[in-house]
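Asks: Supplied in structure tokens, the structure appears directly below.
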Amino acid sequence: MNETLIINGERVAASDGGVFDVFDPSSGERLATVAKATRADVSRAVASAHEAMASKAWGGIAPAERGRIMNRMAQMLRDRTEALATLESRDNGKPLRQARTDVQVAARYFEFFAGIADKIMGNTIPLGPGYLDFTVREPIGVSAQIVPWNYPIQIGARGVAPALAAGCAVVLKPSSEAPMTALRLGEIGLACGLPPGVLNVVPGNGSEAGVALASHPHINQLTFTGSVDVGIGVAKMAADNVVPVVMELGGKSPNVVFADADLDLAAQGVANAIFQNAGQTCSAGSRLLVERKAHDAFVSRLADRAQSMRIGPGVSDPDMGPIISKKQLETVEGYVSIGRSEGAVVAAGGARPADASLAGGYYFQPTLLDRVTPDMRVAQEEIFGPVLAIVEFDDLDEAAELANRSQYGLVAGIWTRDINKAMSLASRIQSGQIYINTYGAGGGVELPFGGYKKSGYGREKGLESLASYTQVKNVCVKFG
Ligand code: NAD
Numbered sequence: 084m085n086e087t088l089i090i091n092g093e094r095v096a097a098s099d100g101g102v103f104d105v106f107d108p109s110s111g112e113r114l115a116t117v118a119k120a121t122r123a124d125v126s127r128a129v130a131s132a133h134e135a136m137a138s139k140a141w142g143g144i145a146p147a148e149r150g151r152i153m154n155r156m157a158q159m160l161r162d163r164t165e166a167l168a169t170l171e172s173r174d175n176g177k178p179l180r181q182a183r184t185d186v187q188v189a190a191r192y193f194e195f196f197a198g199i200a201d202k203i204m205g206n207t208i209p210l211g212p213g214y215l216d217f218t219v220r221e222p223i224g225v226s227a228q229i230v231p232w233n234y235p236i237q238i239g240a241r242g243v244a245p246a247l248a249a250g251c252a253v254v255l256k257p258s259s260e261a262p263m264t265a266l267r268l269g270e271i272g273l274a275c276g277l278p279p280g281v282l283n284v285v286p287g288n289g290s291e292a293g294v295a296l297a298s299h300p301h302i303n304q305l306t307f308t309g310s311v312d313v314g315i316g317v318a319k320m321a322a323d324n325v326v327p328v329v330m331e332l333g334g335k336s337p338n339v340v341f342a343d344a345d346l347d348l349a350a351q352g353v354a355n356a357i358f359q360n361a362g363q364t365c366s367a368g369s370r371l372l373v374e375r376k377a378h379d380a381f382v383s384r385l386a387d388r389a390q391s392m393r394i395g396p397g398v399s400d401p402d403m404g405p406i407i408s409k410k411q412l413e414t415v416e417g418y419v420s421i422g423r424s425e426g427a428v429v430a431a432g433g434a435r436p437a438d439a440s441l442a443g444g445y446y447f448q449p450t451l452l453d454r455v456t457p458d459m460r461v462a463q464e465e466i467f468g469p470v471l472a473i474v475e476f477d478d479l480d481e482a483a484e485l486a487n488r489s490q491y492g493l494v495a496g497i498w499t500r501d502i503n504k505a506m507s508l509a510s511r512i513q514s515g516q517i518y519i520n521t522y523g524a525g526g527g528v529e530l531p532f533g534g535y536k537k538s539g540y541g542r543e544k545g546l547e548s549l550a551s552y553t554q555v556k557n558v559c560v561k562f563g
């Protein structure tokens with residue numbers, strides 16, 4: 084496969100002819116060769132997005148018509164589910180059924196925001212006799228979007244759909260680790276009637292294309308999804324141009340399991356929260372806080388689950404696929420060694436699988452690190468792999484303190500049959516999203532999502548996300 088950039092409605096090579104290879108993490112084999120956007124390509128993409136805004140070919144048409152085009156995109160995503168899911172699975176390594184869900188969720192973003200395109204309303208503000216004051220929400224302009232490799236089509240759609248609904252034009256930079264489905268999204272947009280320049284896709288390295296986009300003086304807004312360190316640098320670049328940013332960063336999200344919970348249900352939820360996408364999920368439930376008296380019963384349930392998971396190439400639809408790259412696999416392995424040396428006990432997994440047929444890919448076993456204490460590195464740092472750190476607590480106060488003893492605050496799960504306990508803890512946890520007796524909600528397209536603390540700021544998903552892609556104009560009329 085040879086892939087190009089998408090700029091101004093056209094598939095084009097990089098300005099210097101540069102390319103990069105993309106590898107299938109299930110086998111280590113080359114999947115595709117992709118044009119590598121240069122600084123000049125990013126500038127062309129930003130310029131074409133500006134022209135699209137200036138021409139009013141998108142922001143100036145009837146909002147209902149924008150919605151119709153976006154609904155077509157939703158339908159085309161659904162129609163192409165199998166092909167897109169297979170591509171995502173080969174690019175990222177995730178099991179096919181998880182990739183199918185990602186495509187369905189991407190479609191749902193377009194459907195949800197298509198319905199909102201003609202309902203972005205302002206207010207009237209009472210100023211008293213002789214005045215009419217009202218607000219309008221105008222598109223913010225050119226939205227730059229930098230996305231990671233872990234959920235390329237889902238996170239691509241998550242930012243692109245609300246921006247398009249608001250009437251913005253987008254320059255999307257996927258990760259060089261997994262850029263394929265973002266390019267398909269750009270193609271689907273064109274096939275469904277997006278005018279040229281409204282959705283540009285510029286795969287490339289963070290250090291060139293990413294920096295060029297984040298520091299570009301002519302973007303009007305930036306949505307960054309990725310790691311904290313890169314996010315801080317991106318936010319500084321945007322600040323130099325007074326460009327507002329949405330920062331969707333990392334996490335070390337706790338699942339808090341009380342002894343009175345339905346332990347079977349909780350074990351299923353906790354295992355899925357850490358092992359889905361091989362733990363490479365910003366909202367992964369990567370810390371388990373378990374009430375001491377339920378520890379043994381709960382951890383043995385989790386160990387049974389971990390040990391029975393089938394590992395294999397994403398397209399064979401196993402329970403868990405590979406890690407994205409050799410480098411990331413070594414990082415995960417390194418953290419397990421760190422955990423051991425800190426005194427954690429491996430209760431399941433802890434190594435690469437022995438199966439010789441998997442030797443070419445970047446696989447790691449679903450792993451439980453037990454007897455973790457709250458200040459160990461494995462309890463504090465985002466591992467971004469299938470590794471769960473297990474910490475015990477004795478009462479609700481301690482659970483709240485431990486849940487909050489983190490620089491992150493993205494998601495938390497609470498498992499108990501006692502609604503008072505659940506609500507009390509939910510009010511005390513510093514985190515942008517809290518689940519009670521569940522974890523995740525089928526993609527959560529409708530639910531505002533984003534971080535407290537170093538997990539970021541601004542909100543994606545749901546109606547809240549429109550605040551990022553619109554700007555408020557106040558109009559004050561004196562009459563009579
Ligand atoms: P990353 O920060 O390395 O890269 C993210 C994106 O930024 C990529 O497109 C990359 O090319 C680009 N980039 C890298 N350096 C850049 C630079 N100097 N300037 C501009 N852009 C640059 O993250 P990753 O490894 O791709 O993804 C994993 C991280 O993303 C984890 O920390 C995870 O928690 C986080 N994440 C957060 C969310 C969320 O919604 N909060 C969702 C998914 C992933």
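Residue numbers for the sequence shown follow the numbering used here, beginning at 84 and rising by one. Each residue gets a CB set at the ideal place from its N, CA and C atoms; glycine is no exception.
Ligand 1 heavy atoms versus the CB of lysine 335: any closer than 7 angstroms?
Replies: Working through the sequence shown from its first residue, we reach residue 335 at position 252. Lysine 335: no, Cβ never under 7 angstroms from ligand 1.
Asks: Quick check: the region 323–333 against the region 306–313, are at least 3 beta-carbon pairs closer than 8 angstroms?
Replies: Contact holds: three or more Cβ-Cβ distances are below 8 angstroms.
Asks: Does the separation of the CB atoms of lysine 544 and arginine 161 fall below 8 angstroms?
Replies: For the purposes of this step, residue 544 is taken as the residue at position 461 of the sequence shown. For the purposes of this step, residue 161 is taken as the residue at position 78 of the sequence shown. No; because the gap between Cβ atoms is not below 8 angstroms, this pair is not in contact.
Asks: In chain order, what residues of the same chain have a beta carbon less than 6 angstroms from the beta carbon of asparagine 324, not counting five sequence neighbours either side?
Replies: Against the sequence shown, residue 324 aligns to sequence position 241. So the list reads Pro300, once near-sequence residues are dropped.
Asks: May I have the straight-line CA-CA distance separating asparagine 557 from valine 285, to the nearest angstrom?
Replies: If you number the sequence shown from 1, residue 557 lands on position 474. If you number the sequence shown from 1, residue 285 lands on position 202. Answer to the nearest angstrom: the Cα atoms are 35 angstroms apart.
Asks: I'd like the ranges of any beta strand (DSSP E) spanning at least 3 consecutive residues and lying wholly in the region 185–262.
Replies: Listed in chain order, the complete beta strand (DSSP E) runs (minimum 3 residues) inside the region 185–262 are 214–222, 225–229 and 252–256.
Asks: Work out the CA separation of proline 278 and alanine 135 for me, nearest whole Å.
Replies: Locating residue 135 in the sequence shown gives position 52, where the first residue counts as 1. Locating residue 278 in the sequence shown gives position 195, where the first residue counts as 1. Cα-Cα distance, rounded: 7 angstroms.
Asks: Please report how far the alpha carbon of arginine 454 lies from the alpha carbon of valine 474, in whole angstroms.
Replies: Stepping through the sequence shown from its first residue, residue 454 is reached at position 371. Stepping through the sequence shown from its first residue, residue 474 is reached at position 391. Rounded to the nearest angstrom, the two C-alpha atoms are 6 angstroms apart.
Asks: Looking at the unbroken beta strand (DSSP E) that takes in alanine 118, where does it start and where does it end?
Replies: Start at 1 with the first residue of the sequence shown, and residue 118 comes out as number 35. Alanine 118 -> beta strand (DSSP E) spans 113–118.
Asks: Would you give the residue range spanned by the beta strand (DSSP E) that glycine 496 belongs to?
Replies: As a position in the sequence shown, residue 496 is number 413, starting the count at 1. 494–498 is the extent of the beta strand (DSSP E) around glycine 496.
Asks: By DSSP's criteria, proline 337 is part of a beta bridge. Which residues make up the other side?
Replies: To locate residue 337, count along the sequence shown from 1; it is residue 254. Arg370.
Asks: Could you check where the alpha helix (DSSP H) with leucine 451 kicks off and where it finishes?
Replies: Your numbering for residue 451 matches position 368 in the sequence shown. First-last for leucine 451: 450–453, but that is the beta strand (DSSP E), not the alpha helix (DSSP H).
Asks: Mapping DSSP to helix, strand and coil, what is glutamate 543?
Replies: Within the sequence shown, numbered from 1, the residue matching residue 543 stands at position 460. If DSSP states are grouped into helix, strand and coil, glutamate 543 belongs with the strands.
Asks: Say the cut is 7 angstroms; is the CB of glycine 289 nearer than that to a heavy atom of ligand 1?
Replies: As a position in the sequence shown, residue 289 is number 206, starting the count at 1. Because some heavy atom of ligand 1 lies under 7 angstroms away, the Cβ of glycine 289 counts as near it: yes.
Asks: What span of residues does the beta strand (DSSP E) with glutamate 291 cover, start to end?
Replies: Start at 1 with the first residue of the sequence shown, and residue 291 comes out as number 208. Taken as a continuous stretch (DSSP letters only), glutamate 291 belongs to no beta strand (DSSP E), as it is neither H nor E.
Asks: Within the present structure, is the beta-carbon of leucine 332 separated from the nearest heavy atom of ligand 1 by less than 7 angstroms?
Replies: The residue labelled residue 332 in the question sits at position 249 within the sequence shown. Yes, the beta carbon of leucine 332 sits closer than 7 angstroms to at least one heavy atom of ligand 1.
Asks: Have a look at the DSSP bridge pairing and note the partners of methionine 330.
Replies: In the sequence shown, the residue the question calls residue 330 occupies position 247. In the DSSP output, where bridge partners are listed per residue, methionine 330 has Phe307 and Tyr540.
Asks: From the DSSP output, in three-state form, read off lysine 504 for me.
Replies: Position 421 of the sequence shown, counting from 1, holds the residue named residue 504. Lysine 504 falls in the helix class under three-state DSSP.
Asks: Which of the three DSSP states is assigned to phenylalanine 447 in this structure?
Replies: Residue numbering aside, residue 447 sits at position 364 when the sequence shown is read from its first letter. It is coil, neither helix nor strand.
Asks: For isoleucine 31, is the beta carbon positioned less than 7 angstroms from some heavy atom of ligand 1?
Replies: Only positions 84 to 563 of the chain appear in this structure, which leaves residue 31 out of reach.
Asks: Under 7 angstroms from any heavy atom of ligand 1, does the C-beta of asparagine 233 make it?
Replies: For this step, residue 233 is matched to residue 150 along the sequence shown. Under cutoff, so the answer is yes.
Asks: Where glutamine 304 and valine 225 are concerned, what is the direct C-alpha to C-alpha distance, given to the nearest angstrom?
Replies: Here residue 304 is taken as the residue at index 221 of the sequence shown, counted from 1. Here residue 225 is taken as the residue at index 142 of the sequence shown, counted from 1. The alpha-carbon atoms of glutamine 304 and valine 225 are separated by roughly 6 angstroms.
Asks: From what residue to what residue does the beta strand (DSSP E) around alanine 472 run?
Replies: On the sequence shown, residue 472 is found 389 positions in, with the first residue counted as 1. Note, alanine 472: beta strand (DSSP E), 470–476.
Asks: Near leucine 210, what residues of its chain come up, given a Cβ to Cβ distance below 8 angstroms and the 5 sequence neighbours on each side ignored?
Replies: As a first step, residue 210 is located in the sequence shown; it is residue number 127 there, counting from the start. Hits under 8 angstroms: Asp216 and Cys559.
Asks: Have a look at serine 408 and proline 146 and give me their C-alpha separation to the nearest angstrom.
Replies: Counting from 1 along the sequence shown, the entry for residue 408 is found at position 325. Counting from 1 along the sequence shown, the entry for residue 146 is found at position 63. The alpha-carbon atoms of serine 408 and proline 146 are separated by roughly 42 angstroms.
Asks: First and last residue of the beta strand (DSSP E) that includes glutamine 390?
Replies: Numbered from its first residue, the sequence shown carries residue 390 at position 307. Here glutamine 390 belongs to no beta strand (DSSP E); instead the alpha helix (DSSP H) covers 378–391.
Asks: Please name the residue or residues paired with glutamate 93 in a DSSP beta bridge.
Replies: Sequence index remark: in the sequence shown, residue 93 carries index 10 (1-based). DSSP lists Ile90 as partners of glutamate 93.
Asks: Leaving aside the five residues before and after isoleucine 238 along the sequence, list all residues of the same chain whose C-beta is less than 6 angstroms from its C-beta, in chain order.
Replies: Counting from 1 along the sequence shown, the entry for residue 238 is found at position 155. So the qualifying residues of the chain are Val230 and Thr308.
Asks: Ignore the nearest five residues each way along the sequence and tell me which others in serine 98's own chain have a CB closer than 8 angstroms to its CB.
Replies: Stepping through the sequence shown from its first residue, residue 98 is reached at position 15. Excluding positions up to five away in sequence, the list reads Thr121, Ala123, Asp124 and Arg127.
Asks: Using CA atoms only, rank isn't needed, just tell me which of Pro401, Ala386, Pro457 and Arg460 is closest to glycine 433.
Replies: Taking the first residue of the sequence shown as position 1, residue 433 is located at position 350. Of the listed residues, the one whose Cα sits closest to glycine 433 is Ala386.
Asks: Is proline 401 near ligand 1, in the sense that its beta carbon is under 7 angstroms from a heavy atom of that ligand?
Replies: In the sequence shown, counting from the first residue as 1, residue 401 sits at position 318. No; taking the cut-off as 7 angstroms, the Cβ of proline 401 has no heavy atom of ligand 1 nearer than that.
Asks: Pull up the CB-CB distance for aspartate 104 and threonine 116, whole angstroms please, since I reckon it's below 8 angstroms.
Replies: Translated into the one-based positions of the sequence shown, residue 104 becomes position 21. Translated into the one-based positions of the sequence shown, residue 116 becomes position 33. Yes, they are in contact, since the Cβ atoms of aspartate 104 and threonine 116 sit about 6 angstroms apart, within 8 angstroms.
Asks: Would you check if there are 3 or more beta carbon pairs closer than 8 angstroms linking the region 387–399 to the region 437–452?
Replies: Verdict: yes, contact present.
Asks: Once DSSP output is grouped into helix, strand and coil, what is the label at threonine 521?
Replies: Here residue 521 refers to the residue found at position 438 when the sequence shown is read from its first residue. Looking at threonine 521 - three-state DSSP - the assignment turns out to be coil, as it is neither helix nor strand.
Asks: What did DSSP end up calling phenylalanine 79 once you bin it into helix, strand or coil?
Replies: A query on residue 79 cannot be resolved here, the shown segment of the chain reaching from 84 to 563 and no further.
Asks: Going by DSSP, what residues sit across from isoleucine 394 in a beta bridge?
Replies: Numbered from 1 along the sequence shown, position 311 holds the residue referred to as residue 394. DSSP lists Met403 as partners of isoleucine 394.
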